[in-house]
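For the sequence shown, the tail end lands on 414 under my numbering, and the numbers increase by one without skipping. A virtual CB, placed ideally from N, CA and C, is assigned to each residue, including glycine. Bear in mind that the values here come from a model prediction, so they are computed numbers and not experimental data.
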Amino acid sequence: MKRIVLILVLPIVFFIMLNAVFAADYSIDKVKINGMEAGSEQIALQIGSTVQVDVVVEGLGAKKDVKAKAWIGGYEYEDIIAETELFEVRSGITYRKELSLELPRDMEVTENHTYALHVEVRDRNNYIERTFTVFLEPKRHDVNIQDVIVRPSTMTEAGKTIGVQARIENFGEKTEKNIKVEVFLPQFGASSSTYIDSLDPYEGEDTTESTSFMMLTIPSDLPTGDYQLKVKATYASGHSEVTATRNIYVKGKDADETFAEDLARESIASITLKKQLLVGQISQFKVAVANIGSAKKTYSVDIPNLSWATFDISPAKLELSPGDASEFVVRVLPSVVGVQQVTVKVKEGSSIIKEDSVGLEVVKPEEQSKTMEKLNTALKGVNGKVILLVLLGVLVLALLIAFIAGTRPKY
Numbered sequence: 004m005k006r007i008v009l010i011l012v013l014p015i016v017f018f019i020m021l022n023a024v025f026a027a028d029y030s031i032d033k034v035k036i037n038g039m040e041a042g043s044e045q046i047a048l049q050i051g052s053t054v055q056v057d058v059v060v061e062g063l064g065a066k067k068d069v070k071a072k073a074w075i076g077g078y079e080y081e082d083i084i085a086e087t088e089l090f091e092v093r094s095g096i097t098y099r100k101e102l103s104l105e106l107p108r109d110m111e112v113t114e115n116h117t118y119a120l121h122v123e124v125r126d127r128n129n130y131i132e133r134t135f136t137v138f139l140e141p142k143r144h145d146v147n148i149q150d151v152i153v154r155p156s157t158m159t160e161a162g163k164t165i166g167v168q169a170r171i172e173n174f175g176e177k178t179e180k181n182i183k184v185e186v187f188l189p190q191f192g193a194s195s196s197t198y199i200d201s202l203d204p205y206e207g208e209d210t211t212e213s214t215s216f217m218m219l220t221i222p223s224d225l226p227t228g229d230y231q232l233k234v235k236a237t238y239a240s241g242h243s244e245v246t247a248t249r250n251i252y253v254k255g256k257d258a259d260e261t262f263a264e265d266l267a268r269e270s271i272a273s274i275t276l277k278k279q280l281l282v283g284q285i286s287q288f289k290v291a292v293a294n295i296g297s298a299k300k301t302y303s304v305d306i307p308n309l310s311w312a313t314f315d316i317s318p319a320k321l322e323l324s325p326g327d328a329s330e331f332v333v334r335v336l337p338s339v340v341g342v343q344q345v346t347v348k349v350k351e352g353s354s355i356i357k358e359d360s361v362g363l364e365v366v367k368p369e370e371q372s373k374t375m376e377k378l379n380t381a382l383k384g385v386n387g388k389v390i391l392l393v394l395l396g397v398l399v400l401a402l403l404i405a406f407i408a409g410t411r412p413k414y
């Protein structure tokens, strides 16, 4: 009876395993990742780069509507996928298919830095797959300009001053010091600059930061038309740079059109708040202000008394001349865990020019590690599946050996 069961089970198991790795009309001869032949050894890849995957397909028969695909799972928002158009396979013909995988800059680096890169060749009914382990690591230096904000508007007039603020983020593994950020109108000589003192590596506490306002005076003789602002961030001790652009519309002195009321504003402000704070630990955020009027102005920041935290605002007041910009530093010490409401008011004299009301999440320091714990749990689950597959393979091998041993003639 046992032999009968083995005879029935083994072909089914063998067929399932065979179907997972072999299709009758084609096979994967070899795979190259960034020019290196893939095998059992891990290949190092950089996050934020383009990965070239070359798949060599050997035609063993005739098949239409075949497609090659490479993909990496585990990215928070979607799988990273590249695939070819449909092609036809003929017996005795070798095909080379090129695939490009774009690794997002914000991919999480796991504890062991490894991801599975899957390569598939499939048709409507069958498929073959090979899986390789790749070692992912961030670039040493990788700064990005996340956003460029123009105040009071992207529509302005010749001779007027605008405030430009850049949001900078660090995706590299090194802390960046003294990042120089410049804004300028190419070919017209107008420029302004500022510095970000320090920016933590990706997944650190301060990986993004907004610059103070860079005040840029539009040349008075600029004709009416559309112009491109260029923002450049120089980092890695001046050895690397990244640029971004923003379009503005300038009304020349001879133009007749009129703009919206925000062109008449003489002060601009920006509030940068952290969304998560640690109870019992001091955090800080910045409030940037700029005077784009024609007279000296005094600014202040007001935060109503709160029961869940203490705040310190430095300096108490800022006095800015026309065309100047500066910022307040607000230090906060939370004492109560939970989602807490805060209202920040920026004043010019006694007038409120900006007001933000937001909810800030205050957590215990140990709660910050929960995300990593979930990731480790997920990885353990993956490891468990791998172990299960190995055990199944051992079981099949044991059954096969038992079957062969049981069919030997006895003397």
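Of the residues Asp109, Lys67, Tyr80, the one placed nearest Val92, counting alpha carbons only:
Residue numbering aside, residue 92 sits at position 89 when the sequence shown is read from its first letter. The shortest C-alpha separation from Val92 is found at Lys67.
If we count the other Cβ atoms within 10 Å of its Cβ and call it buried at 16 or more, is Ser310 buried or exposed?
As a working mapping, residue 310 is identified with position 307 in the sequence shown. So Ser310 counts as exposed.
For Val253, which of Tyr198, Tyr302, Thr164 has the nearest alpha-carbon?
Looking up residue 253 in the sequence shown gives position 250. The option with the nearest alpha carbon to Val253 is Thr164.
For the stretch 250 to 320, list the beta strand (DSSP E) runs that are entirely contained and at least 3 residues long, ordered along the chain.
270 to 275, 279 to 281, 286 to 294, 300 to 305, 312 to 317
Pairwise C-alpha distance: Gly62 and Ile199:
Walking along the sequence shown from the start, residue 199 turns up at place 196. Walking along the sequence shown from the start, residue 62 turns up at place 59. So the alpha carbons of these two residues sit roughly 57 Å apart.
Check this for me: beta carbons of Val188 and Leu106, under 8 Å apart or not?
By one-based count along the sequence shown, residue 188 stands at place 185. By one-based count along the sequence shown, residue 106 stands at place 103. The sequence given here places Leu at residue 188; Val does not occur at that position. No.
Per-residue DSSP class, three states only, for Glu369:
Along the sequence shown, one-based indexing puts residue 369 at 366. DSSP places Glu369 in helix when its eight states are reduced to three.
Given this structure, state the Cα-to-Cα distance separating Ala247 from Ser213, to the nearest angstrom.
In the sequence shown, residue 247 corresponds to position 244, counting from 1. In the sequence shown, residue 213 corresponds to position 210, counting from 1. Whole-angstrom Cα-Cα distance: 14 Å.
With distances taken Cα to Cα, identify the nearest neighbour of Tyr230 among Ile271, Val342, Val186.
Here residue 230 is taken as the residue at index 227 of the sequence shown, counted from 1. Among Ile271, Val342, Val186, the Cα nearest to that of Tyr230 belongs to Val186.
Tell me the start and end of each unbroken beta strand (DSSP E) in the stretch 92 to 161 that is at least 3 residues and wholly inside, in chain order.
97 to 105, 117 to 125, 130 to 140, 146 to 154, 158 to 160
Taking the alpha-carbon positions, what's the Lys177 to Asp32 distance?
Residue 177 sits at position 174 when you count from the first residue of the sequence shown. Residue 32 sits at position 29 when you count from the first residue of the sequence shown. If I take the Cα positions, the gap works out to 40 Å.
Which of helix, strand or coil does DSSP assign to Lys357?
If you number the sequence shown from 1, residue 357 lands on position 354. Correct three-state label for Lys357: strand.
Are at least three pairs of beta-carbons, each pair with one atom in the stretch 85 to 103 and one in the stretch 127 to 146, less than 8 Å apart?
no
Find out if the Cβ-Cβ distance for the pair Met158, Ala328 is shorter than 8 Å.
If you number the sequence shown from 1, residue 158 lands on position 155. If you number the sequence shown from 1, residue 328 lands on position 325. Their beta carbons are not under 8 Å apart, which means Met158 does not touch Ala328 by this criterion.
Among Ser43, Ile96, Ser303, which has the Cα closest to the Cα of Gly64?
Counting from 1 along the sequence shown, the entry for residue 64 is found at position 61. The candidate whose alpha carbon is nearest that of Gly64 is Ile96.
Suppose contacts are defined by Cβ-Cβ distances below 8 Å. Is Arg108 in contact with Asn147 by that definition?
In the sequence shown, the residue the question calls residue 108 occupies position 105. In the sequence shown, the residue the question calls residue 147 occupies position 144. In this structure, Asn147 lies closer than 8 Å to Arg108 by Cβ.
Roughly how many angstroms lie between the CA atoms of Val332 and Met110, to the nearest whole one?
In the sequence shown, the residue the question calls residue 332 occupies position 329. In the sequence shown, the residue the question calls residue 110 occupies position 107. Looking at the two C-alpha atoms, the distance is approximately 31 Å.
Cβ contact (3+ pairs, closer than 8 Å) linking the stretch 50 to 60 and the stretch 110 to 129
yes
Ser270 and Lys300 closer than 8 Å at C-beta
Taking the sequence shown and counting its residues from 1, the one referred to as residue 270 is at position 267. Taking the sequence shown and counting its residues from 1, the one referred to as residue 300 is at position 297. Result yes, Cβ atoms of Ser270 and Lys300 sit closer than 8 Å.
Which first and last residues belong to the beta strand (DSSP E) in which Phe331 is found?
Position 328 of the sequence shown, counted from the start, is the residue given in the question as residue 331. It spans 328 to 337 - the beta strand (DSSP E) in which Phe331 sits, taken as one unbroken run.
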